[in-house]
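For the sequence shown, our numbering gives the first residue as 592, with consecutive numbering after it.
Yeah, the Cβ is synthetic: ideal placement off N, Cα and C, and Gly gets one too.
Just so we're clear, the structure is a prediction, and the values are computed from it rather than from any experiment.
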Amino acid sequence: MSTLYRCLVVEDEPLAQNVLKKYIGEHPLLELAAVCSDAVEAQQWLARQQAAIVFLDINLPRLSGISFLKSLSRPPLVIFTTAYPEFAAEGFELDAIDYLVKPFSFERFLKAVNKALEKLERKESGSALAATSIFIKADKKVYKVNLADILYIEALDDYVKVVTTQGHYLVHDTLKSLQEELPAEQFMRVHKSYIIASNKIVFIEGNYVKIGEKDIPIGASYREAVFARLKI
Numbered sequence: 592m593s594t595l596y597r598c599l600v601v602e603d604e605p606l607a608q609n610v611l612k613k614y615i616g617e618h619p620l621l622e623l624a625a626v627c628s629d630a631v632e633a634q635q636w637l638a639r640q641q642a643a644i645v646f647l648d649i650n651l652p653r654l655s656g657i658s659f660l661k662s663l664s665r666p667p668l669v670i671f672t673t674a675y676p677e678f679a680a681e682g683f684e685l686d687a688i689d690y691l692v693k694p695f696s697f698e699r700f701l702k703a704v705n706k707a708l709e710k711l712e713r714k715e716s717g718s719a720l721a722a723t724s725i726f727i728k729a730d731k732k733v734y735k736v737n738l739a740d741i742l743y744i745e746a747l748d749d750y751v752k753v754v755t756t757q758g759h760y761l762v763h764d765t766l767k768s769l770q771e772e773l774p775a776e777q778f779m780r781v782h783k784s785y786i787i788a789s790n791k792i793v794f795i796e797g798n799y800v801k802i803g804e805k806d807i808p809i810g811a812s813y814r815e816a817v818f819a820r821l822k823i
């Protein structure tokens, strides 16, 4: 049985509360523990219980989200949610996992959660190794995809196709954005439209790399970096 990670939502806007409740409910590894309308209420809740991830608004009554986070001696992982992106820099200085600017999509929420889950997995294993999986949304479902199963990822207009040994998923995302979630030591960009798993290379011939049954072009602007990485 998979571990469920308890989430605390600290948010005073009912609409934003409902969005976060819905998104948390759609993720197979997240569990909504509580919703607090201000930081003082959240402080009292955290004095009695624990949460793995806190979704924290910055503009809160009585005490700001940033002041609240500074007041915690051993804070949980925090993902800021706010309508004011100018506070992002200060949030990251406080080691926030990510910063969601309202209104944010489920895909953007998922990206932030993937970062948090990776950190939680590292902490639980006592290792600095990267996480072994990511979560993606495709076909109105959230899938857990093992990194070891990914062959390559291809950009298709407003989508990316994640091709694995088990099949493929069509994800509403950009190649650049998805690349940020993948460990650089395992995956590399070889073309404006392709990311490959370097350990899945069958052979390289000319300006093409063979991954499974697929011939993937190596872009001219990527060739030098790819060959240097592979020590060719």
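Proximity winner among GLN634, LYS767, THR673, LEU821, relative to LEU606 (alpha-carbon distances)
THR673
Apart from the five residues just before and just after LYS676, which ones in its own chain have a Cβ nearer than 8 Å to its Cβ?
Per the sequence shown, the amino acid found at residue 676 is Pro instead of Lys. Only TYR690, VAL692 meet the Cβ criterion.
Within the same chain, show all residues whose beta-carbon is closer than 8 Å to that of VAL733, passing over the 5 residues directly before and after it, in chain order.
GLU617, HIS618, PRO619, LEU701, PHE726, ILE727
By how many angstroms is the C-alpha of GLN777 removed from the C-alpha of ILE847?
Lying outside 592 to 823, the shown extent of the chain, residue 847 is not represented and no answer is given.
According to DSSP, is ARG597 part of a helix, a strand, or is it coil?
strand
Bounding residues of the alpha helix (DSSP H) (the contiguous stretch that carries LYS661):
656-662
Same chain, Cβ closer than 7 Å to ASP603, neighbours up to 5 away in sequence not counted:
SER628, ASP629, ASP648, LEU651, PRO652
Once the 5 residues before and after ALA707 are set aside, which same chain residues still bring their CB inside 6 Å of it?
ILE644, LEU668, ILE688
Taking Cβ to Cβ, would you say PRO774 is nearer than 9 Å to ALA722?
yes
I'd like to check one pair, LYS783 with LEU769: are the Cβ atoms closer than 9 Å?
no
Sequence-distant residues of the same chain with beta carbon closer than 8 Å to MET592, five excluded per side
Caution applies to MET592, whose pLDDT of 43 falls short of 50 and renders its modelled position unreliable; the value that the coordinates give is listed next. For MET592, where only same-chain residues beyond five positions count, there are no Cβ hits under 8 Å.
Selection from ASP740, VAL762, ARG665, ARG814 that minimises the alpha carbon distance to ASP730
VAL762
From GLY810 to ALA739, what distance separates their C-alpha atoms?
24 Å
DSSP has ALA816 in a bridge; who is on the other side?
According to DSSP, ALA816 bridges with nothing at all.
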